[in-house]
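Asks: In our numbering, the protein residues as written are 225 to 409. Below: one structure in structure tokens.
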């Protein structure tokens with residue numbers, strides 16, 4: 225004996241309705257689709273290392289429009305360095321002329337802190353910050369073997385002629401902080 229939840233004719237009607245719905249859902253829509261988006265005529269930089277990454281998106285990627293972190297740092301600055309002991313006591317001030325050289329899109333070197341001509345190596349990001357590269361737990365060598373430096377420089381976004389310098393120097397004589405503003409020459 226066969227049992228069914230639906231009577232015979234209802235089963236055929238129910239099957240017909242389900243098949244009709246499936247067929248209708250597979251049909252192509254006849255609504256009009258837009259022919260073009262005017263925003264796609266813009267070009268944008270598609271390199272994540274670039275400062276202007278994805279500016280003007282959506283659009284057409286064109287990496288010739290990119291500019292990179294090392295490009296926001298000008299080639300030369302005059303820097304007034306204020307040096308403090310670790311307890312905050314002012315030690316002295318000294319002026320330097322700093323020269324910035326790009327080594328790649330994100331790496332740069334600064335010359336002018338050491339009389340020997342040694343450079344400080346930094347890695348810049350797309351947010352106008354450059355961090356001193358570390359070659360040891362304490363930072364990188366500054367001017368003497370006994371001195372290591374760590375810290376950063378920050379490009380002022382509202383005034384591109386200024387850099388904020390924040391360095392910490394560990395030496396055989398103790399810890400000192402170097403703070404100051406560098407102004408583009």
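Beta carbons are placed, not taken as given, at the ideal position from N, Cα and C, and that holds for glycine.
According to DSSP, simplified to helix, strand and coil, what is residue 278?
Replies: Walking along the chain shown from the start, residue 278 turns up at place 54. Here residue 278 sits in coil by DSSP.
Asks: For the beta strand (DSSP E) holding residue 373, just list the boundary residues, first then last.
Replies: Position 149 of the chain shown, counted from the start, is the residue given in the question as residue 373. 372-379 is the span of the beta strand (DSSP E), which, as asked, contains residue 373.
Asks: Count the other CB atoms within 10 Å of the CB of residue 301; is the residue buried (16 or more) or exposed (fewer)?
Replies: Numbered from its first residue, the chain shown carries residue 301 at position 77. Under this definition residue 301 is a buried residue.
Asks: In terms of residues, what are the limits of the beta strand (DSSP E) holding residue 390?
Replies: The sequence position of residue 390 within the chain shown is 166, counting from 1. It spans 386-395 - the beta strand (DSSP E) in which residue 390 sits, taken as one unbroken run.
Asks: Based on Cα-Cα distance, which residue from 397, 382, 290 lies nearest to residue 371?
Replies: Counting from 1 along the chain shown, the entry for residue 371 is found at position 147. If we check each option's Cα against that of residue 371, 397 comes out closest.
Asks: Let me know the secondary structure DSSP gives residue 293 once reduced to three states.
Replies: As a position in the chain shown, residue 293 is number 69, starting the count at 1. DSSP places residue 293 in helix when its eight states are reduced to three.
Asks: Taking 8 Å as the limit between beta carbons, can you name the residues of its chain near residue 330, skipping five residues before and five after?
Replies: Translated into the one-based positions of the chain shown, residue 330 becomes position 106. Answer for residue 330: 273, 292, 293, 294, 347, 348, 349, listed in chain order.
Asks: Given this structure, state the Cα-to-Cα distance separating residue 388 from residue 342, to the nearest angstrom.
Replies: One-based indexing of the chain shown puts residue 388 at position 164. One-based indexing of the chain shown puts residue 342 at position 118. Their backbone Cα atoms lie some 21 Å apart in a straight line.
Asks: How many Å lie between residue 385 and residue 324 at the Cα?
Replies: Stepping through the chain shown from its first residue, residue 385 is reached at position 161. Stepping through the chain shown from its first residue, residue 324 is reached at position 100. Each residue's Cα considered, the two are about 13 Å apart.
Asks: Do residue 400 and residue 407 have their C-beta atoms closer together than 8 Å?
Replies: Counted from its first residue, the chain shown places residue 400 at position 176. Counted from its first residue, the chain shown places residue 407 at position 183. The answer is no: Cβ separation not under 8 Å.
Asks: So, at 7 Å on beta carbons, what are the nonlocal neighbours of residue 353 in its own chain, with the 5 sequence-adjacent residues on each side left out?
Replies: In the chain shown, the residue the question calls residue 353 occupies position 129. Closer than 7 Å at Cβ, skipping near neighbours: 376, 378.
Asks: Could you give the distance in angstroms between the alpha-carbon of residue 307 and the alpha-carbon of residue 270?
Replies: Sequence index remark: in the chain shown, residue 307 carries index 83 (1-based). Sequence index remark: in the chain shown, residue 270 carries index 46 (1-based). Straight-line Cα distance between these residues: approximately 41 Å.
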